[in-house]
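Below is one structure, written out as structure tokens; the observations come after it.
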Amino acid sequence: MINKNVEECAKVRKSIMIPMTLIFIFVITIGVIKPNMLYNIENNIVTWATKSFGWLFQLSAVFFCLYVYGLCFQNMDL
26 MINKNVEECA KVRKSIMIPM TLIFIFVITI GVIKPNMLYN IENNIVTWAT KSFGWLFQLS
86 AVFFCLYVYG LCFQNMDL
């Protein structure tokens, strides 16, 4: 029973793997052939993301800092 679950979890889902691999290869190919075009596309995506979701980036950074701050003062009884 345990081996069956391990084998089932180890299977590659081709419906996810193949499209993502093709996208990955496509982006790398564009980066090799036309690096300036890839830079402009990525720059536009990052600019849009920070303008639209800048508040989320800042909020997640604050929560991460608070989490790390809490870990620093946690009692470490091992």
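For the sequence shown, the numbering used here assigns the number 26 to the initial residue and increments by one for each residue that follows.
By construction, the Cβ of each residue, glycine as well, lies at the ideal position given by its N, Cα and C atoms.
query	result
Boundaries of the alpha helix (DSSP H) in which Phe88 is found, first to last residue	Pro60 to Cys97
Local conformation of Val52 per DSSP, three classes	helix
For Val52 and Gln99, the rounded distance between their alpha carbons	43 Å
Distance between Val71 and Asn65 (C-alpha atoms, nearest Å)	10 Å
Distance CB(Ile55)-CB(Leu63) smaller than 8 Å	yes
Euclidean distance between Cα positions of Phe49 and Met101	42 Å
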